[in-house]
Amino acid sequence: MSRVSVTGAKRVLTDTIETVHRLDLLHVTGYDGEWEGFEPGDPVAGADEAADRLVTVRSLISLLDVDQDRETSGIDLDGMGDRIETVRTRANELDDRREDLEGQRADLADRIDALEPLAALGIDLDLLSGYDSLETRVGEADEAAVREALDSSERIDRYELFTEDRAVAVFAEPAPGETAVLDDALTGTEFVAVDVPDAEGSPEDHLDDLDGRRSALADDVEDVEAEIREVRDEHGDFLLAAEEELAIEVQRREAPLSFATTKNAFVAEGWVPTDRFDDLESRLREAVGDHVVVEELEQASYNSDGHVTEREPTESGGDGGSSDETEAEVAADGGTDVAIGKRDPPVVQDNPGPVKPFEFLVKTVSRPKYSEIDPSIVLFLTLPLMFGFMIGDAGYGLVYLTVGTLLFKRFESDGIRALGAITLWAGGFTFLFGILYGEIFGTEFIKMYLWEGALGLESQPLHKGLMPTYGAYANAWLLISVLFGLLHMTVGYLFDFADNLRTSFKTAMLESGSYLILMLGVWVWLMSRTLMGVKPELMFVALDGQPFALGFAGFSPTVGWAGLGVGLVVGLGLVIVNEVNHFGGIGVLVGFLEGLLRAAFVNPLSYTRLAAEVLAEVGLAFAVNLLVFGAYEHNGEFHLLFTHGPGYVETLSGEASLMFGGLIHMGIAGAAFGMVLLVVGHMLVLGVGVMSAGLQAVRLEYVEFFNQFYEGGGDQYEPFGYERTHTLEE
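Residue numbers 129 to 858, in this note's numbering, belong to the letters of the sequence shown in order.
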């Protein structure tokens, strides 16, 4: 990216704006008001009118429900203002009619709902009110509660009830000298009163009349909707083209708000891709000649602290159409070469197609700075891998693939589509690990029919370690999780090292290299054959045949002590020096805590949550299947009772014990409940997979990985321009 300025006389401001806008290259930096003698510019005349028209057009597009993806071409925008007003008048008239009709329909619906209890009673409407000596109430309530309330009222001499389901009509004669007795008596009975229409005849006839009027209103609404569709079909293309043209006009007319201006001159600054600067310069020269000065101020790179690490000013200081006249005008008004506003370059995240969705997760934290390495590629390589490793079930993988496909194809939101694509990748790795683990919905069918059946192997390649026979795998996953964490964080430290190297090698070593050397040095010693009696055995056997025969039984004592020495002397020493530089004497303590505890132990051990999730997920799935089908343990392996009853266990030789008989073997009721539990249980496991394994994977990315190097805070590259889809450039 190159920081450029466009400086010129105000009389060519409009031509300059139009030329820059057509190029769609310059990411404009807003003027921050810091230059003495300069003020933010005023909008070009007509900006308010264009903005008002734009609001009107967008309102019409929404009101008429115009599909903004419809293809348009050759739209005549002559007389645009008059046509917009014509469409607005017609559309608002139809919308008002529709609202009025919908209001009438809603009122009729309320009246019909109120009449339905009356119709159930079958009493003519004129008989439900209008008495001199009787009080009447009609509504919905519990008959027994109403009767009890009336019986207990001393203010009522006599009453009569007419009921049908919950519809109740009460006729009561007050005691001598009493009035308004029913409201008091019915308090506490949850009596929902219904207003009786002032009409004669049966409620059914009245309902039929109201239904007829409602149907007529529905027809009227449909007629109005048809007229609205006609307006949309006739003017939809025009509105889309007008919206685009007005949006462009507003952009151009309001552009000076981001410029620094004086009475006679203006200065605009921004960023362009370095290889496109010549295009900007030449096009402006063609448009306004020597009335502007176009300068490439710098081609710069910045470190994470915002300091310039490379700066290449142009030799001429900018000769893009400069003239003595223009320079004199700007100089007279106090021109300067200090940055007009925020100096950081904007960011273009240019990743391959498969990596693109993972930019969403990065931007959830913050967009990377121009100086930072975009970590999207690392998330693409590691997040689905971690998720698939933890869930590791072909059945769940297929479900995640289905959900991801639906999210990706059914929604238009870029964020939801990105989540869909990420879910697809996570589901794919879950399915792959499920094949390797030999599991589908927690069962061993893949092991039985693929690995042992079709391929003739003794077992599947990988085990999760839940069964006693394969417990060594559980230990191995703990070690492998830590090793993965060391690799993951090493990449983070290297990213930070590369960033700090732009400042100096010393800074890179103090800020990044020190922690990396300390972490790796300590773990080389931990994985060496020194003091083996106090170290977990799994560190030396997991990769030496129990269960993985990779021939690694730990580093030699010499390598271990050397690693520890380098880690403590060089790594921890540099960490302490760095913290003392930041905090003074207390930095010694901070260095020990940050370096020896957090960097060397806490962060790497945090990755053991991967192994813990493996056992947690398989344990939940097995628990569901155990309750539904039943299972037994035989020679250290668990087997579900799909085709055998609980009694089958007694026929086995060797060590065999029944774990649970299974609901499906407990009669029809047990089997029915078992099927419900099977579906609900696995749905819960799927949800836990997202909430637990998914969040754990994201946490490791955001905390353990990002914290080593990532700050974010970059601005998206948004060039001043507009990508036309409904109109053509004049």
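We put the beta carbon where it would ideally sit given N, CA and C, even for glycine.
On a predicted model such as this, the values are computed, not experimentally measured, just so you know.
Item	Value
Residue interval of the beta strand (DSSP E) (run including S130)	S130 to A137
Residues bridged to V400 [DSSP beta-bridge criterion]	S130
F711 in three-state terms, based on DSSP	helix
A459, buried or exposed, once every other Cβ within 10 Å from all chains shown has been counted against 16	Unreliable positioning characterises A459 in this predicted model, as indicated by a pLDDT of 46, which lies under 50. The coordinate reading is nonetheless provided below. It is exposed - the Cβ of A459 has fewer than 16 other Cβ atoms within 10 Å.
Buried versus exposed call for S504 [16 or more other C-beta atoms within 10 Å across all chains shown]	buried
Environment of P589 [buried if 16+ CB atoms lie within 10 Å]	exposed
Cβ contact check for the stretch 799-807 and the stretch 745-756: 3 or more pairs under 8 angstroms	yes
Residue range of the alpha helix (DSSP H) that includes P302	Segment A295 to P302 is the beta strand (DSSP E) holding P302; no alpha helix (DSSP H) there.
Cut-off 8 angstroms between Cβ atoms - residues of its own chain near E851, not counting five sequence neighbours on either side	D152
Burial state of Q824 (16 or more Cβ within 10 Å)	buried
Neighbourhood of G723 by C-beta distance below 6 angstroms, restricted to the same chain and skipping five residues each side	L646, L700 and V703
Range covered by the beta strand (DSSP E) that runs through E761	A759 to H762
Own chain, CB closer than 6 angstroms to L335, minus 5 neighbours either side, in chain order	L243 and A247
Separation of A759 from T779, as counted between CA atoms	14 angstroms
Assigned exposure category for E397 - 16 Cβ within 10 Å defines buried	buried
Continuous beta strand (DSSP E) stretch holding F766: start and end	E765 to L768
Outcome for E282 when other beta-carbon atoms lying within 10 angstroms are tallied against a minimum of 16	exposed
Exposure label - N706; buried when at least 16 CB within 10 Å	buried
Beta-bridge pairing of Q844 - partner residues as DSSP gives them	V475
Local Cβ density within 10 Å of R381, reported as buried at 16 or more and exposed below that	buried
For Y287, the first and last residue of its enclosing beta strand (DSSP E)	I284 to E292
Buried/exposed call for N392, threshold 16 Cβ in 10 Å	exposed
Meets three-Cβ-pair contact criterion under 8 angstroms: the stretch 258-265 and the stretch 337-356	no
Among Y838, H793, S734 and D206, nearest to R827 - alpha-carbon criterion	S734
Cα-Cα separation, V215 to V359	8 angstroms
Span of the beta strand (DSSP E), counted from its first residue to its last, around E778	Segment: none, E778 is in no beta strand (DSSP E) and carries neither H nor E.
Element boundaries [beta strand (DSSP E), containing D157]	At residue 157 the sequence reads Thr, which differs from the Asp that was named. Its beta strand (DSSP E) spans residues H155 to T157.
Extent of the continuous beta strand (DSSP E) to which V421 belongs	V420 to Q427
Local conformation of P496 per DSSP, three classes	coil
Between the CA atoms of L338 and E288 - distance to the nearest angstrom	29 angstroms
G809, DSSP secondary structure in three states	helix
DSSP bridge partner residues for D672 (one or two, in chain order)	A677
Outcome for M518 when other beta-carbon atoms lying within 10 angstroms are tallied against a minimum of 16	buried
Same chain, Cβ closer than 7 angstroms to V718, neighbours up to 5 away in sequence not counted	E707 and F711
Distance between L743 and G593 (C-alpha atoms, nearest Å)	7 angstroms
Three-way DSSP call (helix, strand, coil) for L786 in this model	strand
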